[in-house]
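See below for the structure under consideration.
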Amino acid sequence: MDHFLLSLFAALLFSALLLAIRADENTFDQNYNVTWGFDHATFLDQGKEVQLLIDQYSGSGFASVHDYGSGFFQMRMKIPNKKSNGVVTTFYLTSKPVDQDLVYHDELDFEFMGNNSMPYTLSTNVITNGVAGREQQFHLWFFVEDTPIRVFKNNSHVGVNYLSQSMHIEASIWNSTNWLGPVDWSQGPFTAFYQKFDIDGCLYQDFNPQQCYANTPTNFWNAEKYWQLDPDQQGKYEDVRKKYLSYDYCSKNNESYPECSLNS
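When we follow this note's numbering, the leftmost residue of the sequence shown carries the number 1219, and every step to the right adds one.
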């Protein structure tokens, strides 16, 4: 199974499959901690790669050490290549504290839904102030570079809640039997691999949250050129949605979400 490289521009709120890797990449423990399933996480290549394993007893997950007010976030992932129905491999941003429940939270989800045939389905969701239900799902394809697949614009002027809370990064492999159906453990254990632990983000500080919204050389993702897709990105975005979008919440609940009636 080839590596999928998932990236997220928090300023634009779209994901992309990238192939660029910087030479000065950080090791895992510089920015992340394992948060659960400690004996199911293995460090490889001197901490530049982490393997998460799931069996019938446990999965595993990790989270960034810090919270961020804005940034450019990405992760290189290799997802299970077996018949993996019921197994979900994730990368997401959330304002919910680790191991705690928080109803009115913000979250950006990217979940690779295991199945018994290819291609994988990538499920994305945007949760704002606890309001979920904005799923969009895509059938994945290979060797795609710099292709945006999800945009969520700030439409607060028409009553749409927008992401406003600081968030941290989490990743995991977990048993979703109650969602996607039972796991065939005879195919297990299942493993996922993560690389690229650099974080280009603005550390959130309660006493000065506005610093993360400033357009500065340090916060390069806040530059005006990132406020919307350029013509080439827009063309790729529309092409991907035409060919690979398999589920869109707007086609089911248009009246419940005001942004569905606006141009995306």
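Beta carbons: idealized from backbone N, C-alpha and C, even for Gly.
- By the Cβ criterion, the region 1289-1299 is not in contact with the region 1445-1460, since fewer than three pairs of Cβ atoms, one from each stretch, lie closer than 8 Å.
- A residue is called buried once 16 or more other Cβ atoms fall within 10 Å of its Cβ, and residue 1366 is buried on that count.
- Nearest in C-alpha terms to residue 1263, of all of 1414, 1382 and 1338, is 1414.
- One alpha carbon belongs to residue 1315, the other to residue 1410, and they sit about 23 Å apart.
- When rounded, the separation of the alpha-carbon atoms in residue 1254 and residue 1276 is 9 Å.
- Going by beta carbons, residue 1379 and residue 1349 fall inside the 7 Å limit.
- Taking C-beta atoms under 8 Å as the contact rule, residue 1416 and residue 1244 qualify, at a distance of about 5 Å.
- Residue 1328 carries a strand assignment under DSSP once its states are collapsed to helix, strand and coil.
- For residue 1296, the enclosing beta strand (DSSP E) has its first and last residue at 1286-1296.
- Apart from the 5 residues on each side of it in sequence, residue 1333 sits with its Cβ closer than 6 Å to the Cβ of 1303 in its chain, given in chain order.
- A direct Cα-to-Cα measurement between residue 1313 and residue 1250 gives close to 16 Å.
- According to the DSSP assignment, residue 1392 belongs to the beta strand (DSSP E) that extends over 1386-1393.
- The region 1236-1286 contains, as complete beta strand (DSSP E) runs of 3+ residues, the segments 1250-1254, 1259-1262, 1267-1272 and 1278-1282 (chain order).
- Setting aside the 5 residues that flank it on each side, residue 1465 is surrounded in the same chain by 1355, each with a C-beta closer than 6 Å to its C-beta; the list follows chain order.
- In this structure, residue 1387 keeps its C-beta atom at 7 Å or more from the C-beta atom of residue 1278.
- Residue 1410 has 1270 as its beta-bridge partners, per DSSP.
- With respect to the C-alpha of residue 1286, the residue from 1461, 1451 and 1429 having the closest C-alpha is 1429.
- Its Cα nearest to that of residue 1390, the residue 1408 stands out among 1425, 1382 and 1408.
- Pairing residue 1306 with residue 1331 gives a Cβ-Cβ distance under 7 Å.
- Sixteen is the threshold: when 16 or more other Cβ atoms of the shown chains lie within 10 Å of the Cβ of residue 1392, as they do, the residue is buried.
- The bridge partners DSSP lists for residue 1419 are 1289.
- Across the structure, residue 1399 and residue 1273 are spaced so that their CA atoms are roughly 15 Å apart.
- Membership of residue 1469 in the alpha helix (DSSP H) is indicated by the continuous run 1467-1470.
- Distances from the CA of residue 1364 to each of 1438, 1454 and 1327 were compared; the closest alpha carbon is that of 1454.
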